[in-house]
Amino acid sequence: MSLLLLLEWRHVRRDSAFWGATILLCAALLYGLLNGFAWVRFQTTTIAQAENTSAQKLAAAKADAAKFDAAPPEDLDHYDDPRDTRGFEYTYLRRFAVLPPAPAAALAVGQSDLLPSVFRVTYRPRETFLNSHEIENPLRLLLGRFDATFVALYLLPLAVLVIAHGLLAREREGGTLALLRAQPFSLARWLTARFLLRGGIFLGAFTTATLGGWLALGGAAAALYDVVAWLALVLAYGVFWFALAWWVGLCVRTAAASALTLAGVWLALVVVLPATLNLALKHFFPLPSRAAYQDALRAGSDDATKRGSQLLAKYLEDHPELAPAHAAGAKENDFFRTRFAVNAELDQIATPLRAAFTIQLADQQTLVERLRWISPALVLHHASLDLAGTDRSRHQRWLAAVDNLHARTVEFFRVRLLRSENFREFDAVPALAFAERPSSAGALVAALTGLLLPALLFAFLGNRVLRRFTPAA
Numbered sequence: 004m005s006l007l008l009l010l011e012w013r014h015v016r017r018d019s020a021f022w023g024a025t026i027l028l029c030a031a032l033l034y035g036l037l038n039g040f041a042w043v044r045f046q047t048t049t050i051a052q053a054e055n056t057s058a059q060k061l062a063a064a065k066a067d068a069a070k071f072d073a074a075p076p077e078d079l080d081h082y083d084d085p086r087d088t089r090g091f092e093y094t095y096l097r098r099f100a101v102l103p104p105a106p107a108a109a110l111a112v113g114q115s116d117l118l119p120s121v122f123r124v125t126y127r128p129r130e131t132f133l134n135s136h137e138i139e140n141p142l143r144l145l146l147g148r149f150d151a152t153f154v155a156l157y158l159l160p161l162a163v164l165v166i167a168h169g170l171l172a173r174e175r176e177g178g179t180l181a182l183l184r185a186q187p188f189s190l191a192r193w194l195t196a197r198f199l200l201r202g203g204i205f206l207g208a209f210t211t212a213t214l215g216g217w218l219a220l221g222g223a224a225a226a227l228y229d230v231v232a233w234l235a236l237v238l239a240y241g242v243f244w245f246a247l248a249w250w251v252g253l254c255v256r257t258a259a260a261s262a263l264t265l266a267g268v269w270l271a272l273v274v275v276l277p278a279t280l281n282l283a284l285k286h287f288f289p290l291p292s293r294a295a296y297q298d299a300l301r302a303g304s305d306d307a308t309k310r311g312s313q314l315l316a317k318y319l320e321d322h323p324e325l326a327p328a329h330a331a332g333a334k335e336n337d338f339f340r341t342r343f344a345v346n347a348e349l350d351q352i353a354t355p356l357r358a359a360f361t362i363q364l365a366d367q368q369t370l371v372e373r374l375r376w377i378s379p380a381l382v383l384h385h386a387s388l389d390l391a392g393t394d395r396s397r398h399q400r401w402l403a404a405v406d407n408l409h410a411r412t413v414e415f416f417r418v419r420l421l422r423s424e425n426f427r428e429f430d431a432v433p434a435l436a437f438a439e440r441p442s443s444a445g446a447l448v449a450a451l452t453g454l455l456l457p458a459l460l461f462a463f464l465g466n467r468v469l470r471r472f473t474p475a476a
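Just so you know, we're using this note's numbering here: the sequence shown kicks off at 4 and counts up by one.
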């Protein structure tokens with residue numbers, strides 16, 4: 004086998020298509036990593052700015068409270084006084100819930116450019132901060148970002164197609180296959196040497212570009228496990244496409260037929276099947292209309308505002324501990340009591356609407372989990388997003404933590420705003436409680452199995468064809 008590999012190396016050195024495809028793929032991979040790191044830096048900078056703003060405002064509240072205690076100013080508006088709950092919440096408090104990028108986020112942007120990662124959480128209704136607006140170009144959001152996972156999913160199979168589609172067919176078309184059969188080695192060993200050498204160099208170059216690019220661009224050392232896991236998945240994905248090229252090359256007569264067949268399989272597995280699955284999700288589990296959701300909230304808000312006094316009476320009946328102790332207190336905080344009553348009514352309207360959306364989205368995710376095995380591209384995509392921390396499930400867990408923070412924030416300020424208490428609890432304001440889910444070795448093994456089993460199947464089918472192969476065939 005070593006002699007065969009040495010002889011084959013002489014052919015590989017002069018194979019311009021092989022080296023061109025390998026170099027272009029590695030260049031695309033490095034560009035994808037560069038884009039991924041740029042997006043992570045943007046997210047990190049945005050989160051740092053939010054946290055700095057929060058810390059500066061909190062420090063200003065403490066400093067102003069001490070200053071006003073030492074020298075009480077005349078005619079100080081309560082909205083400018085951090086010792087007043089209204090002033091602290093309105094002017095000083097900037098509490099942000101942030102979702103930091105995972106250590107390996109640069110590998111796969113996923114939908115993290117579509118899904119928000121920073122919210123300013125207040126006691127007001129969720130919709131006031133969940134429906135944040137951005138000024139990003141919608142066409143750019145539609146097209147997505149060019150990242151390393153895109154290179155692995157779409158471009159790596161095409162590079163394998165260029166490299167391996169004619170390794171046997173070209174010899175058959177050139178009339179040299181019969182001469183090879185006359186040599187003192189089997190056709191199986193010769194063809195195995197061709198695939199092993201080219202596949203080893205090609206995947207080795209991809210591995211070197213991935214690890215070298217990650218370290219050169221400043222990737223976190225803590226993410227090396229996730230990077231190596233992602234690389235193992237991509238290599239298994241590459242082995243699948245080489246095994247498919249092995250089988251197809253033995254079944255067709257010409258290099259052109261082999262290339263067309265492999266291109267058709269690539270189109271089916273990488274483009275058509277995922278698109279079909281997406282259409283099926285929208286058909287069987289359609290998400291509720293966003294316009295209808297907004298219309299329902301708008302109508303509910305208008306109705307609740309008109310019935311403010313009625314809602315306030317019912318709210319105080321349900322929460323007698325919040326009733327004013329004297330008439331002056333009632334007049335002073337009547338606005339906040341009405342506001343909390345209206346907010347509670349809006350929350351009752353919005354809760355079933357949000358629940359319907361969450362249920363449909365969960366059903367979609369469940370179906371994707373079950374059907375991703377129909378295509379190696381879906382397996383790799385799902386596992387890549389999971390390793391990079393840009394998957395939908397992580398974002399949903401974070402949104403659940405944001406909902407919990409909002410509920411605790413409402414409870415924290417409700418009593419203090421309605422009772423007009425002297426505010427000193429600057430460090431007691433609720434903060435986000437979000438715990439990352441530990442990496443699952445079982446999920447990685449399952450994904451590798453889902454990629455390698457089809458590869459073994461095509462390798463086995465190719466060997467069966469090879470055993471009864473004749474040059475004339």
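Glycine residues also receive a C-beta, built at the ideal position from the N, C-alpha and C atoms.
This structure is a prediction, so every number in the text was calculated from the model and none was measured.
Query, Result
"Residue from R97, H168 and W217 with nearest C-alpha to F40", "W217"
"Minimum C-alpha distance to L133 - residue among P104, E428 and F99", "F99"
"For F122 and V432, believed in contact at Cβ under 8 Å, the rounded distance", "At roughly 15 Å, the Cβ-Cβ gap does not stay under 8 Å, so V432 and F122 are not in contact."
"Burial state of G465, where buried means 16 or more other Cβ atoms lie within 10 Å", "buried"
"Same chain, Cβ closer than 7 Å to H409, neighbours up to 5 away in sequence not counted", "V124 and R129"
"A100, DSSP secondary structure in three states", "strand"
"Beta-carbon gap between A353 and L402 smaller than 8 Å", "no"
"The beta strand (DSSP E) enclosing N415, as first and last residue numbers", "Strictly speaking, residue 415 in this sequence is Phe, with Asn absent from that position. Where F415 is concerned, there is no enclosing beta strand (DSSP E), although the alpha helix (DSSP H) it sits in stretches over R395 to R422."
"Distance CB(F243)-CB(L454) smaller than 8 Å", "yes"
"Assigned exposure category for Q351 - 16 Cβ within 10 Å defines buried", "exposed"
"Cβ neighbours of L159 in the same chain (closer than 8 Å, five flanking residues each side left out)", "L28, F209, V237, Y240, G241 and W244"
"Beta-carbon proximity of L32 to A151, cut-off 8 Å", "yes"
"Contacts around D83, its chain only, beta-carbon distance under 8 Å, and the 5 residues preceding and following it disregarded", "G90 and T94"
"Buried or exposed by the 16-neighbour rule on C-beta atoms within 10 Å, applied to Q52", "exposed"
"Every unbroken alpha helix (DSSP H) within the region 352-391, with a cutoff of 4 residues, ordered by chain", "379-391"
"CB-CB length for A260 against L164, believed under 8 Å", "About 13 Å separates the two Cβ atoms, so there is no contact after all."
"Given A64 as reference, the closest of P76, V273 and D87 once Cα atoms are compared", "D87"
"Inter-stretch contact at 8 Å, needing at least 3 Cβ pairs: the region 366-386 / the region 281-294", "yes"
"Where the alpha helix (DSSP H) through V43 begins and ends", "S19 to A73"
"Run of the beta strand (DSSP E) containing R470, from where it starts to where it stops", "Unbroken run through R470 is the alpha helix (DSSP H), A444 to R470; no beta strand (DSSP E)."
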